[in-house]
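*Asks:*
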Amino acid sequence: MHLLPLLTLAPFVSAQYFSAGWQPGQPIHATHDAAAPAYTPGAEAPPLVDKAAQPKSLSELFSINTLLTLPPVASVFESFGVNITERVALNKVIPWDERIPLITDENYQDLIVNEPLIEEEKERVWIVVISVTAAKQDGISKYLDQIFDSAYNTTLEKDDLPNVRWGRINYLDVTYLTTKWNVWQAPYLMIITDRGQSLRFYQPHAIRLRDYAVRDFLLNEHWKNTPKWESRYAPGGDREWIMHFFATYLAKIYNIVVIIPRWLLFVLTGAVGSVILNILHRPSKKQAARNAPAKPPTTSTQPTTDKPAASVPAPTPAPAPAPAPPSEAKVKSEPVDNKAAAATTITPARAATPKRNGRKGKGKKQ
């Protein structure tokens, strides 16, 4: 009776044994290779590298990502239910297909200019996308990268563009090339031929953003209908050395500035910018003198001495002559000056006139 429950579980039990291998007389089973998995950014496990052995620059030591992953800071975020370490790790994942070579200032000469070519590859055509998807703020650049990767995968499957190679430039990390090519914004699609001497640039709104359209653009060589960049500053021009000189020193400045952490760079640039604005907007000397408040009149005080200072007598008006007696009123006086007479004669007072009120008509006497 006790074995009945165990017997009911017997159909669900399966035993696995080691295979004895193939023996003569057994049929051969055909095996098929599994299809290669599609590329997914960040799917591969990163190699185990000793973090202590990795040299870190000043910008990495004081970057926001490093400060957020410190144990005290991470524990504070974990108390709120946020795994900040995982968020920072996802932020560092490269969003591009790693099978497409990344063109930088260092490998451009070896990869494109001095590329070893066989006879069948003399007409080498490079299609390069200048992307800013790493900043995670440009939707057009991300969409162009997706179209670019899809066209690349289709080309690998059909193998119908043997003379075309695909490349990508990170606009945020490449300074010399973008400055020499006079590229100050992204994204861009480029066609590079003649070992970097012929350049053609296309903005996203100038082409059809479809993977089959990009492939048709390359298969039918429609890019030849676009004139290449021909200028005195272009590759091969007589003023190319100016762009080379400017790009070289701008790259050196960038390599120094990139050492400073970004948050510290924001603080420094903000402080310097405020000082420059205050200097540029300060009033001129004439305007400052015009807007200055008027100084109150100052009274000069004479130094006090033992003897009082002699006061200046105020001018006294000339005494008015007494009115002539009635007997002398009719006597003709000698001619005098009109101005003196006007100053010395006293005009008799007029009789008081009645005041008028504000209404029309005659006023009442008061």
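Going by mature numbering (1 follows the signal peptide of the UniProt record, and there is no 0), the letters in the sequence shown line up with residues -15 to -1, 1 to 351, in that order. Note that CB positions come from ideal geometry on N, CA and C, so glycine has one too.
List the residues that DSSP assigns as beta-bridge partners of Tyr187.
*Replies:* Here residue 187 refers to the residue found at position 202 of the sequence shown. Note: Tyr187 sits in a beta bridge opposite Leu174.
*Asks:* Quick check: is any heavy atom of the ligand FAD less than 7 Å from the C-beta of Ala136?
*Replies:* Summarising the ligand content, the structure contains no ligands, and the ligand FAD is consequently not present.
*Asks:* If you reduce the DSSP assignment to three classes, tell me which class Leu87 lands in.
*Replies:* Within the sequence shown, residue 87 is the residue found at index 102, counting from 1. Here Leu87 sits in strand by DSSP.
*Asks:* In angstroms with no decimal places, state the Cα-to-Cα distance between Pro212 and Ile176.
*Replies:* Position 227 of the sequence shown, counted from the start, is the residue given in the question as residue 212. Position 191 of the sequence shown, counted from the start, is the residue given in the question as residue 176. When rounded, the distance between both Cα atoms is 11 Å.
*Asks:* Taking Gly124 as part of the beta strand (DSSP E), name the residues at either end of that continuous run.
*Replies:* As a first step, residue 124 is located in the sequence shown; it is residue number 139 there, counting from the start. Note, Gly124: premise wrong, no beta strand (DSSP E); alpha helix (DSSP H) at 124 to 143.
*Asks:* Rounded to whole angstroms, what's the CA-CA distance from Thr118 to Ser126? Just pull it up for me.
*Replies:* Here residue 118 corresponds to residue number 133 of the sequence shown, with the count starting at 1. Here residue 126 corresponds to residue number 141 of the sequence shown, with the count starting at 1. Whole-angstrom Cα-Cα distance: 6 Å.
*Asks:* Could you tell me the distance, in whole angstroms, from the CA atom of residue 404 to the CA atom of Asp201?
*Replies:* Only positions -15 to 351 of the chain appear in this structure, which leaves residue 404 out of reach.
*Asks:* Determine the burial state of Phe133: buried for a count of at least 16 other Cβ atoms within 10 Å of its Cβ, exposed for fewer.
*Replies:* As a first step, residue 133 is located in the sequence shown; it is residue number 148 there, counting from the start. When all chains shown are included, Phe133 counts as buried.
*Asks:* If you count every other CB in all the chains shown that lies within 10 Å of the CB of Lys237, and 16 or more means buried, which is it?
*Replies:* Position 252 of the sequence shown holds residue 237. Flag for Lys237 reads exposed.
*Asks:* Output the distance between the C-alpha atoms of Val58 and Gly66, rounded to the nearest integer angstrom.
*Replies:* Against the sequence shown, residue 58 aligns to sequence position 73. Against the sequence shown, residue 66 aligns to sequence position 81. Looking at the two C-alpha atoms, the distance is approximately 13 Å.
*Asks:* Sorted by chain position, which residues of the same chain lie with C-beta nearer than 6 Å to Ile261's C-beta, five sequence neighbours on each side aside?
*Replies:* As a first step, residue 261 must be located in the sequence shown, where it is residue number 276. There are no such residues.
*Asks:* Does DSSP put Ile115 in a helix, in a strand, or in coil?
*Replies:* Residue numbering aside, residue 115 sits at position 130 when the sequence shown is read from its first letter. Strand at Ile115.
*Asks:* Could you please give me the residues that DSSP links to Asn155 through a beta bridge?
*Replies:* Numbered from 1 along the sequence shown, position 170 holds the residue referred to as residue 155. Note: Asn155 sits in a beta bridge opposite Ser116.
*Asks:* Tell me the DSSP secondary structure of Val199 in three-state form.
*Replies:* Here residue 199 is taken as the residue at index 214 of the sequence shown, counted from 1. Reduced to three states, the DSSP call for Val199 is helix.
*Asks:* Which of the three DSSP states is assigned to Arg247 in this structure?
*Replies:* As a first step, residue 247 is located in the sequence shown; it is residue number 262 there, counting from the start. Arg247: helix per DSSP, three-state reduction.
*Asks:* Pull up the distance between the alpha-carbon of residue 363 and that of Glu104, whole angstroms please.
*Replies:* Coverage of the chain is limited to positions -15 through 351, which leaves residue 363 absent and any answer about it impossible.
*Asks:* Rounded to the nearest angstrom, how far is the Cβ of Arg153 from that of Ile241, given a contact under 8 Å?
*Replies:* As a working mapping, residue 153 is identified with position 168 in the sequence shown. As a working mapping, residue 241 is identified with position 256 in the sequence shown. So it is not a contact: roughly 26 Å between Cβ atoms.
*Asks:* Thinking C-alpha only, which one of Pro147, Tyr197, Val168 is nearest Phe186?
*Replies:* Looking up residue 186 in the sequence shown gives position 201. Among Pro147, Tyr197, Val168, the Cα nearest to that of Phe186 belongs to Val168.
*Asks:* Would Leu203 and Leu146 be called neighbours here (beta carbons separated by less than 8 Å)?
*Replies:* Residue numbering aside, residue 203 sits at position 218 when the sequence shown is read from its first letter. Residue numbering aside, residue 146 sits at position 161 when the sequence shown is read from its first letter. A contact, by the Cβ cut-off of 8 Å.
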